[in-house]
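Visitor: Below is one structure. I have some questions about it.
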Amino acid sequence: MQQADRDTDTDSAAYWENHYSRLDTRWGTKPNIVLKDLVTDLAPTPGAALDLGCGHGGDAIWLAAIGWDVTAVDVARTALDRVAEGARAAGVSDRVHPVRHDLARTFPEGEFGLVSASYFHTPVEIPRVQVLRRAAEAVAPDGLLVVVEHASAAPWSSHVGPDVRFPTAQESLDSLQLGEGWHTERCDAPRRTATGPQGQSASVTDNVIALRRTG
Ligand SMILES: C[S@@+](CC[C@H](N)C(=O)[O-])C[C@H]1O[C@@H](n2cnc3c(N)ncnc32)[C@H](O)[C@@H]1O
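Numbering (the UniProt record's numbering), first residue to last: 1 to 215.
Structure below.
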């Protein structure tokens, strides 16, 4: 199998490779503000982190810069190459490990003090809840599972029409059916000002779920 075939071997890979091949390389290179605040408050001691659907690596590189050893996972090789490049430029390539998985099919091995899925949304049909449940299994004792997701559509979003109903944070949390052994640190829907691809801004809502493994 040729490298190019391998990198578009699933619908997700084909979709996201195409997406990143057209995307401005600066997009998504800054950490998500919600994750930044949350880690600062709830996971101040660095360890091993897993960033699911890392995109251009804004979160992964920021986490590495504050001392985390980050496994950065994405289905798009193009994105992962840019994460590696960004990590080199930031002087943290020894703490950022870009790994390609189609998370609907395979999942990285290991246990992590922080497992984060920031805006892990895709128009491709995938068993997202199953992936997030698998993500929960990868959280070490006392570790944190963080899911930050859109709870409203930005006006520039090409994927979501204005009539789409987003789940509430509680509905998202319930859908994970994690049962005992978790303490809910955050389950809310704060608003923030988002910046679009043309530099435009709009007020949007996120669902923020942060769960600490207690059992
Ligand atoms: C909306 S972007 C979010 C990127 C980044 N986390 C951020 O906050 O800017 C969703 C990311 O998930 C990745 N992704 C989508 N489906 C995937 C899958 N099945 N396996 C692994 N990564 C996937 C995409 O390539 C993309 O980078």
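Even for Gly, the Cβ is constructed at its ideal location relative to N, Cα and C.
1) On the DSSP bridge assignment, give the partners of residue 277 in chain order.
2) In the DSSP assignment, the alpha helix (DSSP H) including R77 goes from what residue to what residue?
3) Between which residues of its own chain and C187 is the CB-CB distance below 7 Å, once the five residues before and five after are set aside?
4) Thinking C-alpha only, which one of P46, P31, G53 and F166 is nearest Y20?
5) Could you give the first and the last residue of the continuous alpha helix (DSSP H) run that contains H97?
6) Where does A87 land, buried or exposed, given buried means 16+ other C-beta within 10 angstroms?
7) Counting pairs of beta carbons, one from the segment 59-66 and one from the segment 5-19, are three or more of them closer than 8 Å?
8) Could you tell me which uninterrupted beta strand (DSSP E) segments, each at least 3 residues in length, are contained entirely in the segment 125-180, listed from first to last along the chain?
9) For N32, which residues of its own chain have a beta-carbon under 8 Å away from its beta-carbon, when the five flanking residues on both sides are left out?
10) Going by DSSP, name the residue or residues bridged to R212.
11) Are A79 and G55 touching if we call contact CB-CB under 7 Å?
12) Alpha carbon to alpha carbon, how far is A194 from W27?
13) Using a 10 Å radius around the Cβ and a threshold of 16 neighbouring Cβ atoms, would you call V92 buried or exposed?
14) For A104, is the beta carbon positioned less than 6 Å from some heavy atom of ligand 1?
15) Between N18 and the rest of its own chain, which residues show a CB-CB distance below 6 Å, the 5 nearest in sequence each way excluded?
16) Given 6 Å as the limit, tell me if W16 has its C-beta closer than that to any heavy atom belonging to ligand 1.
Guide: According to the structure data:
1) It is not possible to answer for residue 277, since the shown part of the chain is limited to 1 through 215.
2) Counting from one through the sequence shown, the residue named residue 77 turns up at place 77. Element bounds for R77: R77 to A89.
3) If you number the sequence shown from 1, residue 187 lands on position 187. Only A169, Q170, L173 and I209 meet the Cβ criterion.
4) Stepping through the sequence shown from its first residue, residue 20 is reached at position 20. Measuring from the Cα of Y20, the nearest candidate turns out to be G53.
5) The residue you call residue 97 lines up with position 97 of the sequence shown. Run containing H97: none in the alpha helix (DSSP H); it sits in the beta strand (DSSP E), V96 to R100.
6) Locating residue 87 in the sequence shown gives position 87, where the first residue counts as 1. So A87 counts as buried.
7) no
8) 139-150
9) Taking the sequence shown and counting its residues from 1, one reaches residue 32 at position 32. Correct list, in chain order: G58, D59, S118, Y119 and V148.
10) In the sequence shown, residue 212 corresponds to position 212, counting from 1. Looking at the DSSP assignment, R212 forms a beta bridge with L144 and H183.
11) Translated into the one-based positions of the sequence shown, residue 79 becomes position 79. Translated into the one-based positions of the sequence shown, residue 55 becomes position 55. Their beta carbons are under 7 Å apart, which means A79 touches G55 by this criterion.
12) As a working mapping, residue 194 is identified with position 194 in the sequence shown. As a working mapping, residue 27 is identified with position 27 in the sequence shown. Those two C-alpha atoms are separated by around 13 Å.
13) One-based indexing of the sequence shown puts residue 92 at position 92. Result: buried.
14) Along the sequence shown, one-based indexing puts residue 104 at 104. Correct: A104 has its Cβ closer than 6 Å to ligand 1.
15) Taking the first residue of the sequence shown as 1, we reach residue 18 at position 18. None.
16) Within the sequence shown, numbered from 1, the residue matching residue 16 stands at position 16. The answer is yes for W16.
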